[in-house]
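In my numbering, the protein residues as written are 41 to 204.
Everything on this sheet refers to the single structure shown next.
Structure representation (structure tokens):
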């Protein structure tokens, strides 16, 4: 019985796979949201002022951010500006009160998607926490002489990220 570095490789592979799966699911949901907005626009209905975006940085938890769209400028040269909607106290879920200034159909759409988005944020955060713990273990194994500096490289960059 001795130190087996293969478990680290296996854990990194599993974390990468789960991170990719969750990111794919999040992107599909965000795309579904925008498909519904596009359908409204094609039917001559208002596209609304509520938007959502996915921010994905490998090795960190993903962010799914709601924002308020504002169009500025003359009719033939409008520019889109977006302002993020703050989450508030709950780390992984937007309270529905944050959407009260939007049209009823936008509030319903946000409510429909936010439950899934909150679950994805929670899962992504758990995976990021596991990655941090693995990196901490890699550094400890390095200090004990079981891993070389090359095998630990990158562990510091992924450690401290508490973004949404």
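Quick reminder that beta carbons are idealized off the backbone N, C-alpha and C, glycines included.
{"query": "For residue 108, the three-state DSSP class (helix, strand or coil)", "result": "strand"}
{"query": "Chain D within 8 Å of residue 71, Cβ atoms only", "result": "Absent from the structure is chain D; it holds one protein chain and no more."}
{"query": "Straight-line gap, residue 162 to residue 91 (C-alpha atoms, nearest Å)", "result": "21 Å"}
{"query": "Anticipated Cβ contact below 8 Å, residue 179 with residue 192, distance rounded", "result": "6 Å"}
{"query": "Straight-line Cα distance separating residue 97 from residue 158", "result": "18 Å"}
{"query": "For residue 152, the nearest candidate out of 56, 45 and 76 (CA to CA)", "result": "76"}
{"query": "Outcome for residue 244 when other beta-carbon atoms lying within 10 angstroms are tallied against a minimum of 16", "result": "For residue 244 there is no data in the structure shown, the boundaries of the chain being 41 and 204."}
{"query": "Per-residue burial, residue 143 [other beta carbons within 10 Å of its own, 16 or more giving buried]", "result": "exposed"}
{"query": "Residues near residue 139 in its chain [Cβ-Cβ closer than 6 Å; skip 5 each side]", "result": "147 and 150"}
{"query": "Three CB pairs or more closer than 8 Å across the segment 60-80 and the segment 96-114", "result": "yes"}
{"query": "Assigned exposure category for residue 47 - 16 Cβ within 10 Å defines buried", "result": "exposed"}
{"query": "As assigned by DSSP and simplified to three states, the class of residue 95", "result": "strand"}
{"query": "As assigned by DSSP and simplified to three states, the class of residue 121", "result": "strand"}
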